Amino acid sequence: MLKASGLSRAHDALPLFADVSFVLGDGDRVGLVGPNGAGKTTLLRLLAGRDRPDSGSVATGPDDRIGYLEQQPATLT
Numbered sequence: 007m008l009k010a011s012g013l014s015r016a017h018d019a020l021p022l023f024a025d026v027s028f029v030l031g032d033g034d035r036v037g038l039v040g041p042n043g044a045g046k047t048t049l050l051r052l053l054a055g056r057d058r059p060d061s062g063s064v065a066t067g068p069d070d071r072i073g074y075l076e077q078q079p080a081t082l083t
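Numbering follows my numbering, with no gaps: position 20 of the sequence shown is 26.
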């Protein structure tokens with residue numbers, strides 16, 4: 007189970023999204039589509055716990071894990 011409640015996030019004082027709420031149950035499948043800059047990656051980073059929302063919360067079931075693979079892998083130096 008993945009539950010998002012009232013997620014909001016802005017970038018440079020411009021809102022990307024506001025008050026996003028949903029629940030995904032075991033076995034659910036979803037797609038996330040939208041134009042560049044719409045906040046898709048930001049939303050996924052919030053759901054994975056990589057970033058914090060400006061408001062709202064994300065919760066998972068007790069035995070659930072969220073995996074996240076960066077779009078641009080870090081380069082080794």
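Glycine is no exception: its CB is placed at the ideal position from the N, C-alpha and C atoms.
Please read these numbers as outputs of a predicted model, since none were measured by experiment.
Nearest to residue i (by Cα), restricted to the options the options
| i | options | result |
| --- | --- | --- |
| residue 34 | 41, 9, 57 | 9 |
| residue 40 | 18, 52, 65, 23 | 23 |
| residue 26 | 49, 75, 32 | 49 |
| residue 74 | 55, 60, 59, 63 | 55 |
| residue 77 | 15, 51, 14 | 51 |
| residue 65 | 43, 47, 28, 16 | 28 |
Burial state of residue i, where buried means 16 or more other Cβ atoms lie within 10 Å
| i | result |
| --- | --- |
| residue 38 | exposed |
| residue 21 | exposed |
| residue 59 | buried |
| residue 71 | exposed |
Rounded straight-line distance, which links the Cα of residue j to that of residue i
| i | j | result |
| --- | --- | --- |
| residue 12 | residue 81 | 34 Å |
| residue 30 | residue 7 | 6 Å |
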